[in-house]
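Structure, as C-alpha cells:
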Amino acid sequence: MQGEEQQTVPVTVMRGLDRDDMQSQSFDVPFVPGMSVLDALIWIRGHADPSLAIRYSCINANACKECSVMVDGQVEYACTARLTPAGATVAPLENKTVIRDLVTDLAPSRERLDKLLASRR
Amino acid sequence: MTHLETDVLVIGAGAAGMYAAMAAAGEGADVLLLDKSLIGRGGATIMAQMTVAVALGEQDEDDWRRHLDDTLKAGRGICNEELSAILCHDAPARIREMDGWKVGWARDPGNDRIACVKAPGHSAKRCVYVDFLDTGPAIAQTLRTRVGRTRGVTRLSGMSVRDLTSDGGRVVGAVAVNVEDGRVVTVAAKAVILAAGGLTKLFQRNSASTNMGGDAYALALRAGADLVDMEFPQFFPIGHLAPRLVGMDPIMWDPFRYKLGGRLLNGRMEEFMHTYGEVDDGTYNAPRDITSYAIVKENEAGRGSPAGGAYLSFTHVPEEELRAAFGPTIDLLLKNGIDLTRDAVEVAPIAHFHMGGVRVDGRLRASVPGLYAAGEAVGGANGANRLSGNALSEAMVFGERAGRTAAQDVAGTAQGWTEAAAAPALALLDQVRARAQATPEGAVAETTRTWRDLQALMWDKVGLMRTEDGLTEALGEIRAMSAALPDLTLARGARFNSVVEEWFELRGALQCAEAVTLSALNRRESRGAHQRLDYVQTDPSFERNQVVRLRDGRLESEWVALTRIDPARFEEEEAA
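Protein chains in written order, with the working numbering: chain B, 107 to 227; chain Z, 85 to 660.
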C-alpha cells in the first residue's frame, strides 16, 4: 500500500485515578488488519502517550489473563479482542477498583500488600 | 515505607520461583514470593505451549544419561556439565511429582503411559506435554494452586524489585516497590533466589512476555555477582511472522511440527534445509541454531517469503489428521482467517530464550553469598544452544534445588539487614520519583521510545548475524543510551506509573545489553546461537566460558575453563 496514507481508527480510552472521575481521551491509531485492541493500546503508549496505564503480560498468547478490560461495554481480553475499522472504546473493568486508567485491582486479595499489612496489624 | 522480613526471598513467580518457594518452605523456611506481574501469570512459563524434556523411558528406552548426551551435543561443547547433569538427572522426579499434582500430561490412547514426542535434537521420544498447546498454562496453574496451599509461603503480586541490598559482601535483602500505589518496601532476607527469567524482550522480534527485560541478570550484576555465557540468546527459528494472529503465542508452530511434520519452504516454495547440511523433507529434526541461520541466509539470497521469513506448510496433511492433533487450535486459526489445508503461513526466527545467566555452582549458589538463581535466570546448563524442552525442566529442577539449598544454608542464621545497605537504592528511588513529579505539563515521556530504540539496535547489530563493526557500534550506542538515562523525560504520579517502571527496567536492560554485546564481541568465532559473519568457523580455542561482572561501575570479562563431570561419579554422589 505504498504511497497511500495509512488508515487510522479512533480508539477512546477512559483515564483517571478514580472511577467517579474518569475522562475519555481519543487517539487516532494506525490500522493494521487483524490487529488486537492491545496492539492499539501498546501503540498509544509507544507513540502518543507512554503514561497511559494498562496491565498486560503475555501480550499475544491469551495466557496470562491480565489484560481484562471493557471493550465497547463488553468484558474482553484486550489481546484477543480484534480492533475493527470502526475503532473501539476501552474502559476499566466495572466490578473492580480502578488503580489508574485501564488498570484495576486484579490480583487476588491474598497476594496484595495492603491485605498482608492489614493482617499483620 | 514498609519493612518486611523473611528467611528466603524469591523474586519471580513462574515455574522456577514457585517451585523454589515450595521447596524452601518444605525445609521449614519462611518464604516471601514476589512477582512484578501476578503470581504464576506473568513470565515465560505460562506462555510455553510446547514440551518438557525428561527421560522417563515410558515410550523409548531412555535414561538421564542419554538426555545429558543430547543436551551437551546441542550445547556445542560448552555446557556447564554439572548443571546439565542436574537438569537431566532430576527432571524425571519433578515431572512425576507434577503428574501426582494432576498437571495433566497427555497420555497414550488406551493406556496410562505418558505420551512423549521426539523434538529436534533428541535421540528418543522424551518430550511430554499437555494438550492442546496447554503445557505452560497447566504447569503454571498447578503450581499456583500448590504454592497457595503451602504453609510458610507469603505471595505478593505487583512487586517490582529495584535492587538487592548487600552488606559486607553478602546479599541481605532487597528494595522493592508496590507498583499499584508506588509504596517502597524493604525486605530483609537471609537468602535471595533470583527466578525472574531471561532477557528476550531486549530484541525487537521476541516471544517474551512484557517482563522478560533481564531483571534477574541486572539485579545479580549490580549485587556484584558473576554472569556467564551472556553472548548466547536463542532464536527460535520458526516463530510466527504472517499473517497477523491474535490470541496465539508466536511459538505455536513448534508443537505442530513435532506432531505433524510440516514442510519448511523458501519464497519459491522449495525446500532449502539441505543447502545447510540438514534434511527437512517434512521432518522436524534440524537444530534451532542451524534452521535460524538457514532462514536468514535464504532471505539474504533473495529467496525469502514476502514478509521476510520462510513458509511453513501443512497443506499436504489431511484435515482429519490436523483436527485429531490440534482440534480447538484449528478452529482458532480459522477465526484468524488461516485454513491450514489451503494456506501456508510465514515464519521467521524470533528471540526466545537466553542460554546465559547467573553463574552458579551445583547447589544453585551465585558467586555472592546469600544469592541463588533458578530457571532461565541461571546460565550454563544449555551451553551455546538449548535443546528443545529443556527450559521447563530446568525451571522446575533448578527451582526445587535452589529453594532447598537456600533454606538449608540459612537455617538457624540471623538476618544481616542494615539500613545503610539499603540507603543507595532508596536514594535512587527518591531521586527518580522527584524527577517524575517535576515533569512539565504536556511533556511526553521518553522511556517507551528508548525501549524501542534498544530493541531495534539489539535485533540489527547483536542478533542473528554479528560482526566486529556492528557489535562495536552497538556497544557504543548502548553506553550512550545508558549515559542519557538520567535525563529521560518521565511522567508524574505514584500509582501504577508505567513510565517509572519502564525507566528502572531500562536501567537493567541496558546493563544486560552491554553484557551480551561485550561477550559477543569477545567471542571471535561462531558457535551455536552466536554467529559471527567475520569468524564463521567454530574455533576449538574458544571451548571456554566467558564470565562478566560489574566492578566499579564497569563491566569486565574473563575467560574460564569448562566445568566437566564424570556422569558415573555424578550419579554416585547424587545417590549418596
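Yeah, the Cβ is synthetic: ideal placement off N, Cα and C, and Gly gets one too.
So is residue 186 of chain B in contact with chain Z if we call contact Cβ pairs under 7 Å? Taking the first sequence and counting its residues from 1, the one referred to as residue 186 of chain B is at position 80. For residue 186 of chain B, the answer is yes, since a Cβ of chain Z falls inside 7 Å of its Cβ.
With burial defined as no fewer than 16 other Cβ atoms inside 10 Å of the residue's Cβ, what is the status of residue 661 of chain Z: buried or exposed? Any property of residue 661 of chain Z remains undetermined from this structure, which presents chain Z solely from 85 to 660.
Look up residue 277 of chain Z in the DSSP assignment and give the residues it is bridged to. The residue given as residue 277 of chain Z occupies position 193 in the second sequence. DSSP, once it has assigned bridges, lists Z:94, Z:456 as partnering residue 277 of chain Z.
Does the Cβ of residue 222 of chain B lie closer than 6 Å to at least one heavy atom of the ligand ATP? Within the structure as shown, the ligand ATP is missing, as the structure has no ligands at all.
Determine, using beta carbons only, whether residue 130 of chain B comes closer than 7 Å to chain Z. Counting from one through the first sequence, the residue named residue 130 of chain B turns up at place 24. The beta-carbon of residue 130 of chain B is placed no less than 7 Å from the nearest beta-carbon of chain Z.
Relative to chain B, which residues along the stretch 129-150 of chain Z have a C-beta separation below 8 Å, given in chain order? Listed by position along the chain: 130, 131, 133.
At least one CB of chain Z closer than 7 Å to the CB of residue 217 of chain B: is that the case? Sequence index remark: in the first sequence, residue 217 of chain B carries index 111 (1-based). Yes, because at least one Cβ of chain Z sits closer than 7 Å to the Cβ of residue 217 of chain B.
Measure the Cβ-Cβ separation of residue 388 of chain Z and residue 351 of chain Z and say whether it is below 7 Å. As a first step, residue 388 of chain Z is located in the second sequence; it is residue number 304 there, counting from the start. As a first step, residue 351 of chain Z is located in the second sequence; it is residue number 267 there, counting from the start. Yes; because the gap between Cβ atoms is below 7 Å, this pair is in contact.
Which residues mark the beginning and the end of the alpha helix (DSSP H) in which residue 243 of chain Z is found? The residue you call residue 243 of chain Z lines up with position 159 of the second sequence. Taken as a continuous stretch (DSSP letters only), residue 243 of chain Z belongs to no alpha helix (DSSP H), being part of the beta strand (DSSP E) at 243-251.
Closer than 9 Å, Cβ to any Cβ of chain B: which residues of the stretch 385-413 of chain Z, in chain order? Residues of the stretch 385-413 of chain Z with a Cβ closer than 9 Å to any Cβ of chain B: none.
Would residue 643 of chain Z be called buried (16 or more neighbouring beta carbons within 10 Å of its own) or exposed? Indexing the second sequence from 1 puts residue 643 of chain Z at position 559. Counting C-beta atoms within 10 angstroms of its own C-beta, residue 643 of chain Z has fewer than 16 neighbours from the protein chains shown and is therefore classed as exposed.
Looking at the secondary structure, which residues open and close the alpha helix (DSSP H) in which residue 380 of chain Z lies? What you label residue 380 of chain Z is simply residue 296 of the second sequence in a count that begins at 1. 372-384 is the span of the alpha helix (DSSP H), which, as asked, contains residue 380 of chain Z.
Short check: CB of residue 634 of chain Z to CB of residue 305 of chain Z, under 7 Å? The count along the second sequence starts at 1 and reaches residue 634 of chain Z at position 550. The count along the second sequence starts at 1 and reaches residue 305 of chain Z at position 221. Annotated as proximal: residue 634 of chain Z and residue 305 of chain Z, with beta-carbon spacing under 7 Å.
Interfacial residues, the stretch 149-164 of chain B to chain Z, with Cβ spacing under 9 Å: Under the 9 Å Cβ criterion, the stretch 149-164 of chain B contributes 151, 152, 153, 154, 155, 156, 157, 158, 159, 160, 161, 162, 163, 164.
Using DSSP's beta-bridge definition, name the partner residues of residue 306 of chain Z. By one-based count along the second sequence, residue 306 of chain Z stands at place 222. In DSSP, residue 306 of chain Z forms no bridge with anything.
Consider the Cβ of residue 122 of chain B: report whether some Cβ of chain Z lies at a distance smaller than 7 Å. The residue labelled residue 122 of chain B in the question sits at position 16 within the first sequence. No, because no Cβ of chain Z sits closer than 7 Å to the Cβ of residue 122 of chain B.
Chain Z residues whose Cβ lies nearer than 7 Å to that of residue 222 of chain B: The residue you call residue 222 of chain B lines up with position 116 of the first sequence. Near residue 222 of chain B (Cβ distances below 7 Å), the residues of chain Z are 238, 240.
With 7 Å set as the bound, which would you pick, yes or no: does the beta-carbon of residue 339 of chain Z sit closer than that to a beta-carbon of chain B? By one-based count along the second sequence, residue 339 of chain Z stands at place 255. Not flagged as an interface residue toward chain B: residue 339 of chain Z, since no C-beta distance is shorter than 7 Å.
Since residue 119 of chain B and residue 208 of chain B should fall inside the 8 Å C-beta cutoff, what is the C-beta to C-beta distance between them, to a whole number of angstroms? Taking the first residue of the first sequence as 1, we reach residue 119 of chain B at position 13. Taking the first residue of the first sequence as 1, we reach residue 208 of chain B at position 102. At roughly 6 Å, the Cβ-Cβ gap stays under 8 Å, so residue 119 of chain B and residue 208 of chain B are in contact.
Residue-chain proximity (residue 107 of chain B, chain Z), Cβ-Cβ < 7 Å: The residue labelled residue 107 of chain B in the question sits at position 1 within the first sequence. Because the pLDDT of residue 107 of chain B is 40, which lies under 50, any placement of that residue in the model is unreliable, and the number read from its coordinates should be weighed accordingly. Cβ-Cβ to chain Z under 7 Å: no for residue 107 of chain B.
Report yes or no: is there a C-beta of chain B within less than 7 Å of the C-beta of residue 424 of chain Z? For the purposes of this step, residue 424 of chain Z is identified with residue 340 of the second sequence, where counting begins at 1. Contacts with chain B at 7 Å (Cβ-Cβ) do not include residue 424 of chain Z.
Measuring only between beta-carbons, confirm whether residue 201 of chain B sits less than 7 Å from chain Z. Along the first sequence, one-based indexing puts residue 201 of chain B at 95. So no, residue 201 of chain B is outside the interface.
Meets three-Cβ-pair contact criterion under 8 Å: the stretch 155-171 of chain Z and the stretch 196-216 of chain B: Output reads no: the stretch 196-216 of chain B does not touch the stretch 155-171 of chain Z.
Looking at chain Z, is there any beta carbon in it that lies within less than 7 Å of the beta carbon of residue 174 of chain B? For the purposes of this step, residue 174 of chain B is identified with residue 68 of the first sequence, where counting begins at 1. Not closer than 7 Å to any Cβ of chain Z, the Cβ of residue 174 of chain B fails to qualify, so no.
Applying the 10 Å Cβ sphere with the 16-neighbour rule, what's the burial state of residue 418 of chain Z? Locating residue 418 of chain Z in the second sequence gives position 334, counting from the first residue. Counting Cβ neighbours within 10 Å, residue 418 of chain Z comes out exposed, since fewer than 16 surround it.
Tell me whether residue 438 of chain Z sits in a helix, a strand or coil according to DSSP, three-state version. If you number the second sequence from 1, residue 438 of chain Z lands on position 354. Under the three-state reduction of DSSP output, residue 438 of chain Z falls in the strand class.
Along the stretch 325-336 of chain Z, what residues have a CB closer than 8 Å to any CB found in chain D? As a matter of chain content, chain D is missing from the structure shown, whose protein chains are B and Z.
Quick check for students: name the residue ranges of the alpha helix (DSSP H) that lie wholly in the stretch 121-206 of chain B, counting only runs of 4 or more. Complete alpha helix (DSSP H) runs here, min 4: 143-149.
Could you tell me if residue 545 of chain Z is buried or exposed, where buried requires 16 or more neighbouring beta carbons within 10 angstroms of its beta carbon? In the second sequence, counting from the first residue as 1, residue 545 of chain Z sits at position 461. Buried is the label assigned to residue 545 of chain Z, since at least 16 other Cβ atoms lie within 10 Å of its Cβ.
Alpha carbons only, please: which of Z:158, Z:279, Z:190, Z:458 is nearest the one belonging to residue 343 of chain Z? Translated into positions along the second sequence, residue 343 of chain Z becomes position 259. It is Z:190 whose Cα lies nearest to the Cα of residue 343 of chain Z.
From Z:602, Z:182, Z:484, pick the residue whose C-alpha is nearest to that of residue 277 of chain Z; which is it? Taking the second sequence and counting its residues from 1, one reaches residue 277 of chain Z at position 193. The shortest Cα separation from residue 277 of chain Z among Z:602, Z:182, Z:484 belongs to Z:484.
Can you tell me which of the three DSSP states residue 203 of chain Z falls into? Mapped onto the second sequence, residue 203 of chain Z falls at position 119. Look at residue 203 of chain Z here: in three-state DSSP terms it is coil, with no helix or strand label.
Nearest-angstrom Cα distance between residue 108 of chain B and residue 300 of chain Z? Along the first sequence, one-based indexing puts residue 108 of chain B at 2. Along the second sequence, one-based indexing puts residue 300 of chain Z at 216. Annotation note: pLDDT 45 at residue 108 of chain B (below 50); position unreliable, coordinate value reported separately. Linking residue 108 of chain B to residue 300 of chain Z through their CA atoms gives a straight-line distance of about 43 Å.
According to DSSP, what are the bridge partners of residue 430 of chain Z? In the second sequence, counting from the first residue as 1, residue 430 of chain Z sits at position 346. Residue 430 of chain Z is bridged to Z:326, Z:395.
Beta-carbon proximity check, residue 441 of chain Z vs residue 465 of chain Z, cutoff 7 Å: Here residue 441 of chain Z is taken as the residue at index 357 of the second sequence, counted from 1. Here residue 465 of chain Z is taken as the residue at index 381 of the second sequence, counted from 1. No, these two residues do not count as a Cβ contact at 7 Å.
Any C-beta of chain Z sitting closer than 7 Å to the C-beta of residue 195 of chain B? Within the first sequence, the letter at position 89 stands for residue 195 of chain B. No, its Cβ sits nowhere closer than 7 Å to a Cβ of chain Z.
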